[in-house]
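Asks: Below are the structure tokens for one structure; questions will follow.
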């Protein structure tokens, strides 16, 4: 029997060694695979709880993700001791109140025709009774103006509306304050063929935001007053402040005239001492006819008080200007002549105690410009 030398491996032994080595290598490879790849269950949790980060951003760990909206408010207030809390930011006392802006201005636009239609004048002259004449004279009263633009101006507001078919207008959602309303209407005079512009302007003040004010506008031709400021020696003074204040006439029988407010126009004299005050409203044409007939006195006529308003000067006189112009006299004269020729038993609606127009001081005028209203003033000493 042959003996195997010491240290030599048999075939079976070699096979066992190779198998053991292969198993060991497989175990080492499996261990390396598990160490280099995280478990699939852990990645599924991350993907379900946060979105994949955009390119160039760093993924937020799951433990640092923001809390839901409600939890974030509580956690944020508790974790940031230096940040002001909601209670500290809130103003003390009741919240500030703003002026209510529910004010309204409601009104109506009327037109005072600056001439007498020829057919109406003929019918008045042919009237046989007082009632017939009175019915015709009512046609001279102001008429409403529909579809006309009315403008409103305030400190921070400029708005406009159109009147409806009955002449009504309304401005809403107004804050307290002073507002100026104005309207214009261009017309063509059938007697002369020339154009004329009827204007109306007035102011109203809203005390509260919930107030509703009524203000009617009466459209008429406007009158301009021109003059100079002179010293006691008759020399013109430049750079002097002048103002004309329209004295309102309350006429309950005339729509659109019972709420007129004082209207003031200001100007400054030029290098020749001359001033111009535009925009005053004359009396209605039938009141002008009554003035020419002496049945309407100067107290019942629209007028303007013109004076120097410059504190540097003493005012020697303040001028009272009756707004009777050449254009108004020419328009009212035919009606005055027709009324003068009617029987004395006729009592006209505008009849009231009056004086002869020739005894009232009237300034010269050209068209609707009143001229020569000179004011004397001397510097204060």
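Residue numbers (this note's numbering): 1 to 381. Here a beta-carbon is modelled for each residue, glycine too, at the ideal position from N, C-alpha and C.
1) To the nearest angstrom, report how far apart residue 307 and residue 118 are at their CA atoms.
2) Whole angstroms is fine: what's the gap from residue 350's alpha carbon to residue 321's?
3) Please name the residue, chosen from 199, 115, 341, that lies closest to residue 190 on a Cα-to-Cα basis.
4) Got a sec, what are the start and stop residues for the alpha helix (DSSP H) residue 228 sits in?
5) For residue 301 and residue 201, I'd like the C-alpha separation in whole angstroms.
6) Residue 187: which of 181, 180, 176, 199 sits nearest, CA to CA?
7) Taking 8 angstroms as the cut-off, does the stretch 331-346 touch the stretch 278-289 (at least 3 CB pairs, one atom from each stretch)?
8) If contacts are defined as beta-carbon pairs under 8 angstroms, then residue 280 and residue 244 qualify, I think. What distance do you get, rounded to the angstrom?
9) Using DSSP with H/G/I as helix, E/B as strand and the rest coil, what is residue 210?
10) At what residues does the beta strand (DSSP E) containing residue 171 begin and finish?
11) Exposed or buried, which one is residue 207 when buried takes at least 16 other CB atoms within 10 Å?
12) Apply the 10 Å Cβ neighbour rule to residue 112 and answer buried if 16 or more other Cβ atoms are within range, or exposed otherwise.
13) Could you give the DSSP three-state label for residue 136: helix, strand or coil?
14) Closest by CA to residue 310, which one among 277, 268, 284?
15) Identify every residue that forms a DSSP beta bridge with residue 340.
16) What residue range does the beta strand (DSSP E) around residue 307 cover?
17) DSSP three-state label for residue 158, please.
18) Could you pull the DSSP bridge partners for residue 205 from this structure?
19) Helix, strand or coil for residue 263, going by three-state DSSP, please let me know.
20) Note down the Cα distance separating residue 336 from residue 303, rounded to an integer number of angstroms.
21) Can you pull the DSSP bridge partners for residue 377?
22) Three or more beta-carbon pairs under 8 angstroms between the stretch 160-171 and the stretch 131-148, yes or no?
23) Do you know how far the Cα of residue 181 is from the Cα of residue 158?
24) Quick one: Cα of residue 363 to Cα of residue 266, how far?
25) Can you look up residue 363 in the DSSP assignment and give me helix, strand or coil?
26) What separation, rounded to the nearest whole angstrom, lies between the Cα atoms of residue 371 and residue 210?
27) Could you tell me whether the Cβ atoms of residue 365 and residue 325 are closer together than 8 angstroms?
28) Could you please give the first and the last residue of the uninterrupted beta strand (DSSP E) stretch that includes residue 233?
29) For residue 220, count neighbouring C-beta atoms within 10 Å of its own C-beta (all shown protein chains included) and say buried if the count is 16 or more, exposed if not.
30) Take residue 368 as the anchor and find which of 360, 294, 273, 327 has the nearest alpha-carbon.
31) Please state the DSSP three-state secondary structure of residue 116.
32) Under DSSP, the alpha helix (DSSP H) around residue 152 begins and ends at which residues?
33) Quick one, which of 242, 293, 236, 294 has its alpha-carbon nearest residue 278's?
34) Considering only residues of the same chain and omitting the five flanking positions on each side of residue 340, which have a CB-CB separation below 8 angstroms?
35) Give me the residue from 204, 194, 373 with the minimum Cα distance to residue 224.
36) Take residue 44 and list the residues in its own chain whose beta-carbon comes closer than 6 angstroms to its own, dropping the five residues that flank it on each side.
Replies: The relevant details are as follows:
1) 40 angstroms
2) At residue 350 the pLDDT is 47, less than 50, meaning the model places this residue with poor confidence; the figure from the coordinates comes in the next sentence. Cα-Cα distance, rounded: 22 angstroms.
3) When only C-alpha atoms are compared, the closest one is 115.
4) Run containing residue 228: none in the alpha helix (DSSP H); it sits in the beta strand (DSSP E), 223-230.
5) 18 angstroms
6) 199
7) yes
8) 7 angstroms
9) coil
10) 168-174
11) exposed
12) buried
13) helix
14) 268
15) Partner(s): none; residue 340 has no beta bridge.
16) First-last of the beta strand (DSSP E) with residue 307: 303-308.
17) strand
18) 178
19) strand
20) 21 angstroms
21) 315
22) yes
23) 10 angstroms
24) 20 angstroms
25) coil
26) 45 angstroms
27) yes
28) Per DSSP, residue 233 is not a residue of any beta strand (DSSP E), being assigned neither H nor E.
29) With 16 or more Cβ atoms within 10 Å of its Cβ, residue 220 is classed as buried.
30) Put simply, of 360, 294, 273, 327 the residue whose alpha carbon is nearest the alpha carbon of residue 368 is 327.
31) coil
32) DSSP places residue 152 in no alpha helix (DSSP H) but in the uninterrupted beta strand (DSSP E) bounded by 149-153.
33) 242
34) 293
35) 373
36) Residue placement at residue 44 cannot be trusted, given a pLDDT of 35 that sits under 50; what the coordinates show is reported in the next sentence. In the same chain as residue 44, and ignoring 5 residues on each side of it, no C-beta atom comes closer than 6 angstroms to its own.
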